[in-house]
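Let me begin by presenting the structure, written as structure tokens, before commenting on it.
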Amino acid sequence: MSELTTIARPYAKAAFDFAVEQSATDKSAVQKWTEMLSFAAHVAENEQVQSFLTGSFSSQKVADTVISICGEQLDQYGQNLIRLMAENKRLTALPAVFDEFQHYVKEHNAIAEVQAISAKPLNATQQQKIVAAMEKRLARKVKLNCTVDNSLIAGVIIRTDDFVIDGSSRGQLDRLANELQ
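Just so you know, the sequence shown maps onto residues 143 to 323 in the numbering used here.
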């Protein structure tokens, strides 16, 4: 199964990147690609189609047959993907391509939980700056949860699942003390 995933990943990544690029002009592009790949994956999972895909037919014939089975479910870009995969004799990996594509979509739509702990309540401008910086760093949308910790003298501590940024004066003093020792 991992070999199939290795084969599927570049196709899924290319399709996902293209769908995201298309979403600049068509907001439903990622959803359309999800539907196209889902349908094509179901077609490729059919026993009769699988035996056809692994047969000794030309890649052109295999691609044309799969495209005709899918019919209007595939747009021209989906058809191009089918043709490319047929040329490389990779159509049996279509279900894995769909799975990997879904993984990229989930990752793309994920929202990172970020906690900002400050000495004083943060105003809207400060919160917006933190959100913008964290979205850039994490390459995801950010949900900011702000709390106040009276034990902090000044500054902010920012926490996510992956890391902590300690910009508090207490953290700076602790780092300075460690450096001096």
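All C-beta atoms in this analysis are idealised placements derived from N, C-alpha and C, irrespective of residue type, glycine included. No experiment lies behind these values; they were computed from the predicted model shown.
TODO: Determine contact between the stretch 308 to 320 and the stretch 276 to 288, defined as no fewer than three beta-carbon pairs at a distance below 8 Å.
DONE: no
TODO: Let me know the alpha helix (DSSP H) ranges lying completely inside the stretch 234 to 270, each 4 residues or longer, listed in chain order.
DONE: 236 to 251
Task: D206 - DSSP class collapsed to helix/strand/coil - done: Residue 206 sits at position 64 when you count from the first residue of the sequence shown. Residue state for D206 is assigned as helix, using DSSP reduced to three classes.
Task: Complete runs of the alpha helix (DSSP H) confined to the stretch 156 to 192 [at least 4 residues] - done: 171 to 187
TODO: Specify, as a first and last residue, the run of the alpha helix (DSSP H) that R312 falls within.
DONE: As a working note, residue 312 is residue 170 in the sequence shown. Per DSSP, R312 belongs to the alpha helix (DSSP H) from 311 to 322.
Task: 7 Å CB neighbourhood of E277 in its chain, flanking five on each side removed - done: Sequence index remark: in the sequence shown, residue 277 carries index 135 (1-based). Cβ within range, chain order: K283, V284.
Open item on the list: On the DSSP letters alone, give me the boundaries of the beta strand (DSSP E) that N287 sits inside.
Closed with: As a position in the sequence shown, residue 287 is number 145, starting the count at 1. Note, N287: beta strand (DSSP E), 283 to 290.
Task: Beta-carbon spacing of A235, L146 below 8 Å - done: Within the sequence shown, residue 235 is the residue found at index 93, counting from 1. Within the sequence shown, residue 146 is the residue found at index 4, counting from 1. Yes, they are a contact pair.
TODO: Note the first and the last residue of the continuous alpha helix (DSSP H) segment covering I295.
DONE: For this step, residue 295 is matched to residue 153 along the sequence shown. Premise fails: I295 is in no alpha helix (DSSP H) and is neither H nor E.
Task: Sub-8 Å separation of I300 and V256 beta-carbons - done: What you label residue 300 is simply residue 158 of the sequence shown in a count that begins at 1. What you label residue 256 is simply residue 114 of the sequence shown in a count that begins at 1. Their beta carbons are under 8 Å apart, which means I300 touches V256 by this criterion.
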